[in-house]
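Below you'll find the structure, written out as structure tokens, and then a few comments.
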Amino acid sequence: MDDDKPDRSDPPLNGWKEIAAYLGKSVRSVQRWEASLGLPVHRIRTPDGHIVYGDRAEIDAWRRQLDAPPVPEPEDPLDPESLPETDPPPPPVPRPAPPRVPRAWLVGFAVACLTLFLSGLALGSWLARPSPLATDVVLTGRFLQGVNPVGAVAWSHEFDGDVSGVGPRPLLVDVDGDEQAEWLIGVHYQARGSQAATSDGLYCITQDGRRKWVVRPDQNLTYPDRTMSAPWVMTNFTLSPGKPRTLWVSYAHHTGGSSFVLAVSSSGTPELRYVQFGRIYALEHWSTPSGGVLAVGGASDEHKRATLALLPDTDPPSSYPIDDPRRATCRECPRHTPRRVFLFPESELTVANHELHPYVVNITTVGPALKAAISQGGGRSQVFLSPDFTINFFDFTQNYWGAHKSLEAKGRLDHPAEDCPDRRATQLIREWTADEGWKRWAITPGGKSGPARLLADDEGM
Ligand SMILES: [Zn+2]
Numbered sequence: 038m039d040d041d042k043p044d045r046s047d048p049p050l051n052g053w054k055e056i057a058a059y060l061g062k063s064v065r066s067v068q069r070w071e072a073s074l075g076l077p078v079h080r081i082r083t084p085d086g087h088i089v090y091g092d093r094a095e096i097d098a099w100r101r102q103l104d105a106p107p108v109p110e111p112e113d114p115l116d117p118e119s120l121p122e123t124d125p126p127p128p129p130v131p132r133p134a135p136p137r138v139p140r141a142w143l144v145g146f147a148v149a150c151l152t153l154f155l156s157g158l159a160l161g162s163w164l165a166r167p168s169p170l171a172t173d174v175v176l177t178g179r180f181l182q183g184v185n186p187v188g189a190v191a192w193s194h195e196f197d198g199d200v201s202g203v204g205p206r207p208l209l210v211d212v213d214g215d216e217q218a219e220w221l222i223g224v225h226y227q228a229r230g231s232q233a234a235t236s237d238g239l240y241c242i243t244q245d246g247r248r249k250w251v252v253r254p255d256q257n258l259t260y261p262d263r264t265m266s267a268p269w270v271m272t273n274f275t276l277s278p279g280k281p282r283t284l285w286v287s288y289a290h291h292t293g294g295s296s297f298v299l300a301v302s303s304s305g306t307p308e309l310r311y312v313q314f315g316r317i318y319a320l321e322h323w324s325t326p327s328g329g330v331l332a333v334g335g336a337s338d339e340h341k342r343a344t345l346a347l348l349p350d351t352d353p354p355s356s357y358p359i360d361d362p363r364r365a366t367c368r369e370c371p372r373h374t375p376r377r378v379f380l381f382p383e384s385e386l387t388v389a390n391h392e393l394h395p396y397v398v399n400i401t402t403v404g405p406a407l408k409a410a411i412s413q414g415g416g417r418s419q420v421f422l423s424p425d426f427t428i429n430f431f432d433f434t435q436n437y438w439g440a441h442k443s444l445e446a447k448g449r450l451d452h453p454a455e456d457c458p459d460r461r462a463t464q465l466i467r468e469w470t471a472d473e474g475w476k477r478w479a480i481t482p483g484g485k486s487g488p489a490r491l492l493a494d495d496e497g498m
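Its first residue numbered 38, the sequence shown is counted upward by one per residue in my numbering.
Take a look at the structure:
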């Protein structure tokens, strides 16, 4: 027992919220810290689930142990910056180490904590029964836990083995249009011994913990020389607007190679909608004047370029256009091609950083426009498309030049970022349309000479 530690006069921290407030972090952060950094947290089993509490002295000791050197915020396994396939991007806020808190601030903090504690007491009778509705979900060890607004575990699912999150962060949305929100959660099952790993699952779970459906593809892609089959790795998912919603989930083969997109109905029925030779990282549904379009971003392994495919909702299933006539498509690959495909410029950063090729890492809508972020060599460039699908802007971002400088410092680039010829050079973007095949566009970075200009066939680049 703890009887040999008499100084336990401080009240415990009740629930995730108080633990989070004590550490000055979000609930999600401290839950991650429990899993990744061993933050000491206790649970008492109750008829309604678990009560979570923390001991200040234990947490202080844990923090002291980690404090030298200062602890950076641990990499979030669901963070878009650490996993290129995730979406949406966070604003580029630098992540400070936990601050050394000034004493005056601590006093204010203590008062705030006391206030929180007292308001917690006042609400106590309301919250005596933990709400069964999860407003947060956490994957830890072999459990998926729904956490209610007071930080108590509302429900818990146990898997056969350890699991972790994949795709974007879990979403709480009304999938089927019944005015009740459901959780959409990407789950990766850790391989267990010699047991073959299964494909990642997309779970739809009601807020009170009932599993509505799970999608776990068992897709085969049969090429003349090989068959790609499960396990498939989920890279992203997104939803289109409307009632009910359609979900889109992208999977890549665990060895690389081909990727595909499933359209999933609100009742969980999947349909193969798109196959690409190369990894898919990004999905975004884009509402345009001509209708809804699924934007799919990633890499074309045939072209060694970053690519963006645009698939109108009303088009039939499609496969990426193959240029090389000797390269066969797969037996299951849909025969149609996407309405539009873009291939973005190569980059010296990719070569300098020993990467295979750039890839579209993230797609977002910005007002009526679509923005694709392209990752290369640790930096990013970006392209904007107008709602009529014209290319209206291309530029290198600040972090592109940051990556440029760090590659200079390693001796992998022979010129400074300030004098980089790419700053002024015309960039070539290729576009494939189902009607006209390949076209080439020229655009100057930073919008200096307007939108992209269509190149004639005899204009060499
Ligand atoms: Zn350069």
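Yeah, the Cβ is synthetic: ideal placement off N, Cα and C, and Gly gets one too. A quick note: this is a predicted structure, and the numbers were derived from the prediction, not measured.
(request) Report the residue ranges of all alpha helix (DSSP H) runs contained in full by the segment 203-270; include only those spanning at least 4 residues, in chain order. (result) The DSSP assignment places no complete alpha helix (DSSP H) segment of no fewer than 4 residues inside the segment 203-270.
(message) Looking only at its chain, what residues have a beta carbon closer than 8 Å to the beta carbon of T243, apart from the 5 residues adjacent to it on each side?
(response) Result list for T243: Q217, E219, W220 and K249, in chain order.
(request) Please list, following the chain, all residues that have a C-beta closer than 6 Å to any non-hydrogen atom of ligand 1. (result) Residues with a Cβ closer than 6 Å to any heavy atom of ligand 1, in chain order: E385, H441, L450, H452, C457 and D459.
(request) Pick out whichever of G487, G483 and E473 has its Cα sitting closest to the Cα of D494. (result) It is E473 whose Cα lies nearest to the Cα of D494.
(request) Measure the beta-carbon distance from H441 to L386 and round it to whole angstroms, keeping in mind my assumption that it falls under 8 Å. (result) Taking a contact as a CB-CB distance under 8 Å, the pair H441 and L386 counts as one, their CB atoms being some 6 Å apart.
(request) Mind the definition here: the segment 435-451 touches the segment 341-353 only if three or more C-beta pairs lie below 8 Å; say whether that holds. (result) Touching, no, given that fewer than three Cβ pairs across the two stretches are closer than 8 Å.
(request) Alpha carbon to alpha carbon, how far is F381 from R342? Give it in angstroms, no decimals. (result) CA-to-CA, the gap between R342 and F381 works out to about 6 Å.
(message) Checking 7 Å against the spacing of the C-beta atoms, do A501 and R376 come in under that value?
(response) Residue 501 is absent from the model: the chain starts at 38 and stops at 498.
(request) Enumerate, from N- to C-terminal direction, the unbroken beta strand (DSSP E) stretches of 3 or more residues contained entirely within the segment 269-331. (result) For secondary structure counted as the beta strand (DSSP E) over 3 or more consecutive residues, the segment 269-331 holds these complete runs in sequence order: 269-276, 284-290, 295-301, 307-314 and 317-325.
(request) Evaluate contact between the segment 422-435 and the segment 395-413, counting only Cβ atoms and requiring at least three cross-stretch pairs below 8 Å. (result) Verdict: yes, contact present.
(message) Taking the alpha-carbon of Q182 as reference, which of Y240, V210, T235 and A228 has the nearest alpha-carbon?
(response) Selected option, being the one with the closest Cα: Y240.
(message) Once the 5 residues before and after D211 are set aside, which same chain residues still bring their CB inside 6 Å of it?
(response) Within the same chain, D211 has close Cβ partners A218.
(request) Spell out the partners DSSP gives R368 in its beta bridges. (result) In the DSSP output, where bridge partners are listed per residue, R368 has none listed.
(message) I'd like to know whether the C-beta atoms of P186 and T177 end up nearer to each other than 7 Å.
(response) A distance of 7 Å or more separates the beta carbons of P186 and T177.
(request) Under 8 Å Cβ to Cβ from T463, same chain only, skipping five residues before and after it: list those, please. (result) Cβ within range, chain order: A479, I480, T481 and M498.
(message) Using the three-state DSSP reduction, which class does A336 fall into: helix, strand or coil?
(response) Of the three classes helix, strand and coil, the one that applies to A336 here is strand, per DSSP.
(message) At 3 residues or longer, what runs of the beta strand (DSSP E) sit wholly inside the segment 435-483?
(response) Taken in chain order, the whole beta strand (DSSP E) runs of length 3 or more contained in the segment 435-483 are 464-470 and 474-480.
(request) Grab the span of the alpha helix (DSSP H) containing L60 for me, first residue to last. (result) For L60, the enclosing alpha helix (DSSP H) stretches over residues G52 to L60.
(request) Measure the C-alpha to C-alpha separation of D456 and E445 and round it to an integer number of angstroms. (result) Looking at the two C-alpha atoms, the distance is approximately 12 Å.
(message) Please list the terminal residues of the continuous beta strand (DSSP E) segment that includes L380.
(response) Looking at the DSSP string, the run of the beta strand (DSSP E) that includes L380 is R377 to L380.
(message) Restricting to Cα atoms, I'd like to know which of S443, R461 and S66 is closest to F433.
(response) Per the Cα distances, R461.
(request) May I have the straight-line CA-CA distance separating P326 from G238, to the nearest angstrom? (result) A straight-line Cα-Cα distance of about 34 Å links P326 and G238.
(message) With H, G and I counted as helix, E and B as strand and the rest as coil, what does DSSP make of A98?
(response) Residue state, collapsed to three classes: helix.
(request) Pick helix, strand or coil for T172, following the three-state DSSP scheme. (result) Of the three classes helix, strand and coil, the one that applies to T172 here is coil, per DSSP.
(message) Starting from A389, trace the alpha helix (DSSP H) in both directions and tell me its first and last residue.
(response) Here the alpha helix (DSSP H) through A389 covers E385 to A389.
(message) Helix, strand or coil, according to DSSP, for S356 in the structure here?
(response) S356 falls in the strand class under three-state DSSP.
(message) Given a cut-off of 7 Å on the beta-carbon distance, is the pair L258 and E369 in contact?
(response) Going by C-beta atoms, L258 is nearer than 7 Å to E369.
(request) Whole angstroms is fine: what's the gap from E95's alpha carbon to D199's? (result) Looking at the two C-alpha atoms, the distance is approximately 26 Å.
(message) R477 and R467 - do their beta-carbons sit closer together than 7 Å?
(response) Contact: yes.
(request) May I ask which residues mark the beginning and end of the beta strand (DSSP E) holding F426? (result) Element bounds for F426: n/a, residue is neither H nor E.
(request) Let me know the secondary structure DSSP gives S418 once reduced to three states. (result) It is a strand residue.
(request) Give a yes or no on whether the C-beta atoms belonging to R316 and G334 are separated by under 7 Å. (result) For R316 and G334, no; Cβs fall outside 7 Å.
(request) Could you check if V252 is buried or exposed, using at least 16 other CB atoms within 10 Å of its CB as the buried criterion? (result) Residue environment: V252 is assigned as buried (16 or more neighbouring CB atoms within 10 Å of its CB, all protein chains considered).
(request) Determine the DSSP secondary structure at V187, reduced to helix, strand or coil. (result) V187 falls in the coil class under three-state DSSP.
(request) Look up L181 in the DSSP assignment and give the residues it is bridged to. (result) Its beta-bridge partners are L176 and H194.
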